[in-house]
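Engineer: Structure incoming, see below.
Residue numbers (the numbering used here), protein chains in the order written: chain G, 100 to 579; chain A, 1222 to 1700.
This is how it looks when you write it as structure tokens:
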């Protein structure tokens, strides 16, 4: 880390020199810039600002008709729930800085977190009360774990027995690569059997679709890093007032007409000293350098010429991606007050995890519900036509708790898997992929630099995206 | 271990089970209508298992999630010529399929004259290249030796030239496990670079999603099995009127009619038998269950007694082939206007366009099918069906203006989006053959598994039949 900061200062000096030269150049055609950035999500926007601050002429092209990528606030729903990036941890330095710089107000939402755990356990068709769980025939746990609700063992084990301890950055250190095994194998080493793993991990799976297809090293990093956020400032999770999308929106706005929307990139070609991006609408953007923030699952459909070789090419083709689909519901009446059940439901079915969103005036006011279908549940929901999926969600909730009958309305639906610009949500490092790809994934390919949360090393999620944009901008500055 | 002795031993099992079944039938008469066997899935494997059991006098009930039989055998009835969206043709060695067609007196048609290569042109990086000009095209980056081969023929030719197996059954023999690597590594070893591999393997990919995701062992097996099929008899056949006539006839011969729209959510069992639970609340009780559900869908079925670790892992992780077809009717023979032939192998979102000849004669082109596979399938599946159809037609029109306004898209079929398939067929990734192939078909308590993913000596429709036969023998033998 230390060497990086030192080199950064050096970079910034170089960048200033570059900027002086750049300023002397004649104006270019609209489709030409010094640096072209693909993607107006957090990573691309961060790279664009860093480069522009250094005096570089940038252009951003974005496939969607909006900025923000996987940060998407649903402003038509009370409380503006997030369909993408949610909480901003206390250690999200770059996010917090950007919010301040672009005058987006943050609020601490930590006191709303307890509402998330106001939920009933549903296995099969059965609602199992917390007091009955320990001795319930469906409880697969052994020993002290038997007392825990199914969502407890994973975070607990990953806190108490996290092999990285507090040294979350060790995840990319070769000394940790022995842990680049499946989560299932790691659980087994902790004494859990398959039935316990099925419930503790595969049900409402946060990373991957099952414990068999995710690296324990990645999950250890996720939890170690997450715990670090809480260590920095307990009871602090921030969100932008009005929705997190206000942050990328403000960043994009500050770039003005340099951001071009509805530019779906289909090809990236290097021609001599120039690199060009070809869009689905036939437009071509040329630049000396290109920063590509396209998630790998979507980059698979972009032709890169010359081809990205070796392990990096393999990473583009094979890295996992989180399956995630959300249904957002609004209740016409507080039905949960009538049936004596907690507002949320944690199910082992395609319905997934029904979470109450406490974004009203008080932390206990439920403004909407977000149903998280993850992993295989998301894939099954995505097999239904959207109208059928919405009906299915309501029918399932009504079947489980008749008091909800007629009280729920779908106000939002978002499948990240069927979104052509992301093809899923966050990147998943499968067993063996950390050691194979970690040093390769973000390497520049000729004049192409890569960013995006999948290329982050020291952070995850929104902060990881920002970190990667910053790093890509530094690489570019160093190379021009 | 060899196939012959396997068949012998299974014949013995079958004979033994006839006796057992006869004894059973007597004690059974006194009981209520408890089933001997419930078969989940009315595709070829499930129907085969059910018929075999019925022939042994066993009381069997088939339940099916869809409202039709046939599973991944599915001709499109609303298209001229009724092209197949799933299982296409029978090779010479499809003994079980041919026997079954004989049994139900289904007339077969010689498919070879209809399947002659109709791709005369490539469309790569924005350029049309006639196949005859390919060897000298600047876009042909293949090594000298392979320049003359069409890009879609290179991989098969390589497996053939460097075949590692001596017979199809070698693929699941642990002695060959060292070849359970990514085909990419094999191609590299043979001197190809990443760009060449990308051209001949990943463009219109025939297996998996990239050369990194497919086991060499699976591909070697595929090749030698195909050769074996042609060696038995160099024919390709299909049922006149559509291959669905086979599962239709099989289902029609069942004494207990197939129950449709039975979407299975769970299987409970104890030592006396099993209960199969459906979404509509129906519960089927039987002594034995034969489960033919493809693995991507089997992930949603809850087993009250957990499957063994490796079997569970296979179900969770084995990828299925993403494949989507767009079927189109040409209003005119536009290919005569631009002289490029009706079919096209492209690197666009039109994928691989094939001409179908399903009229009474062998020459008339009845429809065109755009095959979108791997990443292309994933991409088109992200669109609504209507937008997907439009995209393919607009891609074809962009590439060859003569087609403008001449194509009507009647049908789109995504196997990934199909809630009872989740993909076209099992793709064994590197390392998965040795880990899973001998395990996925093993019985779990009183549940037996069938379906093409559990076929050991055959693939496709014949693999499905083989697996149904094997599962029936297991179930009958244990009643």
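Glycine included, C-beta positions come from ideal geometry on N, C-alpha and C.
1) Assign residue 1201(A) to buried or exposed, taking buried as 16 or more other Cβ atoms, counted over all protein chains shown, within 10 Å of its Cβ.
2) Cβ closer than 7 Å: which chain A residues qualify as neighbours of residue 406(G)?
3) Roughly how many angstroms lie between the CA atoms of residue 1667(A) and residue 1522(A), to the nearest whole one?
4) Do residue 195(G) and residue 187(G) have their C-beta atoms closer together than 8 Å?
5) Whose C-alpha, out of 1597(A), 1567(A) and 1365(A), is nearest the C-alpha of residue 1346(A)?
6) Along the chain, which unbroken stretches of the beta strand (DSSP E) at least 3 residues long are found entirely within the region 1471-1557 of chain A?
7) When we look at the beta-carbon of residue 527(G) and count the other beta-carbons within 10 Å, is it buried (16 or more) or exposed?
8) Flag residue 1399(A) as yes if its beta-carbon sits less than 8 Å from any beta-carbon of chain G, otherwise no.
9) Along chain A, in chain order, which residues have C-beta atoms closer than 9 Å to that of residue 449(G)?
10) To the nearest angstrom, how far is the alpha carbon of residue 290(G) from that of residue 296(G)?
11) Hey, residue 1283(A) and residue 1268(A) are a contact pair by Cβ (cut 8 Å); roughly how many whole angstroms apart?
12) Counting only C-beta atoms, is residue 1653(A) closer than 8 Å to chain G at any point?
13) Can residue 261(G) and residue 322(G) be called in contact, C-beta distance under 8 Å?
14) Do the region 1456-1470 of chain A and the region 1289-1306 of chain A touch if we need at least three Cβ pairs shorter than 8 Å?
15) Could you confirm whether any beta carbon from chain G is found closer than 8 Å to the beta carbon of residue 1609(A)?
16) Quick check on the DSSP output: the alpha helix (DSSP H) that includes residue 1405(A) runs from which residue to which?
17) Cβ atoms of residue 424(G) and residue 477(G): under 8 Å apart, would you say?
18) Would you give the residue range spanned by the alpha helix (DSSP H) that residue 485(G) belongs to?
19) For the alpha helix (DSSP H) that residue 331(G) lies in, which residues bound it at each end?
20) By Cβ distance below 7 Å, which residues in the same chain neighbour residue 571(G) in space, the five residues on each side in sequence not counted?
21) Taking residue 241(G) as part of the beta strand (DSSP E), name the residues at either end of that continuous run.
22) Just how far apart, CA to CA, sit residue 1329(A) and residue 1413(A)?
23) I'd like to know if residue 1599(A) contacts chain G, where contact means its C-beta is closer than 8 Å to some C-beta of that chain.
24) Tell me, please, whether the CB atom of residue 1596(A) is closer than 8 Å to any CB atom in chain G?
25) Exposed or buried, what is residue 1635(A) when buried is set at 16 or more other beta-carbons lying within 10 Å of its beta-carbon?
26) Helix or strand or just coil, what does DSSP make of residue 271(G)?
27) Leaving out the 5 sequence neighbours to the left and right, which residues in its chain are closer than 7 Å to residue 269(G) when beta-carbon positions are compared?
28) Straight-line CA distance for residue 1307(A) to residue 1647(A)?
29) Skipping 5 residues on each side, what residues in its chain have a beta carbon closer than 7 Å to that of residue 242(G)?
30) The beta strand (DSSP E) that contains residue 512(G), what's its start and end?
31) Hey, how far is the Cα of residue 1653(A) from the Cα of residue 1401(A)?
32) What residues from the region 520-548 of chain G come within 8 Å of chain A, judged by C-beta to C-beta, listed N to C?
33) Output yes or no for whether 8 Å exceeds the beta carbon distance between residue 207(G) and residue 336(G).
34) Closer than 9 Å by beta-carbon distance: list the chain G residues that pair up with residue 1434(A), in chain order.
35) Any C-beta of chain A sitting closer than 8 Å to the C-beta of residue 152(G)?
36) Is the distance from the Cβ of residue 1594(A) to the Cβ of residue 1560(A) below 8 Å?
Structural biologist: On the basis of the coordinates in this document:
1) In the structure as shown, chain A begins at 1222 and stops at 1700. Residue 1201(A) is therefore absent and cannot be evaluated.
2) Within 7 Å Cβ-Cβ: 1415, 1416 and 1419.
3) If you take the alpha carbons of residue 1667(A) and residue 1522(A), they lie about 16 Å apart.
4) Closer than 8 Å, so yes.
5) Out of 1597(A), 1567(A) and 1365(A), the CA that lies nearest to the CA of residue 1346(A) is found in 1567(A).
6) Runs found: 1485-1491, 1494-1499, 1504-1512 and 1544-1551.
7) By the 16-neighbour rule on beta-carbons within 10 angstroms, residue 527(G) is buried.
8) Answer no: the Cβ-Cβ gap between residue 1399(A) and chain G never drops below 8 Å.
9) The answer, in chain order, is 1521.
10) Straight-line Cα distance between these residues: approximately 10 Å.
11) Confirmed, Cβ separation roughly 7 Å.
12) Chain G contact via Cβ: absent.
13) Cβ distance < 8 Å, so residue 261(G) and residue 322(G) count as in contact.
14) Short answer: they touch.
15) So, not an interface residue.
16) Element bounds for residue 1405(A): 1404-1410.
17) Closer than 8 Å, so yes.
18) Residues 485-499.
19) Unbroken alpha helix (DSSP H) run through residue 331(G): 315-331.
20) 146, 390, 548, 549 and 550, listed in sequence order.
21) First-last for residue 241(G): undefined, no H or E at that position.
22) The straight-line gap from Cα to Cα measures roughly 42 Å.
23) Interface residue (Cβ-Cβ distance to chain G less than 8 Å): residue 1599(A) is classified as such.
24) Taking a beta-carbon distance threshold of 8 Å, residue 1596(A) counts as an interface residue toward chain G.
25) Its Cβ being crowded by 16 or more others within 10 Å, residue 1635(A) is buried.
26) The answer is helix: DSSP assigns residue 271(G) an H, G or I state.
27) Only 263 and 275 meet the Cβ criterion.
28) If I take the Cα positions, the gap works out to 14 Å.
29) If we look at residue 242(G) and ignore the five residues flanking it on each side, it has no Cβ neighbours.
30) Going by DSSP, residue 512(G) is part of the beta strand (DSSP E) stretching over 507-514.
31) Using only the alpha carbons, I get a separation of about 7 Å.
32) Taking 8 Å as the Cβ-Cβ cut-off against chain A, the residues of the region 520-548 of chain G that qualify are 522.
33) Yes. Within cutoff.
34) Here the neighbours are 416 and 417.
35) Not one chain A Cβ lies under 8 Å of residue 152(G).
36) Residue 1560(A) is positioned such that its CB atom lies no closer than 8 Å to that of residue 1594(A).
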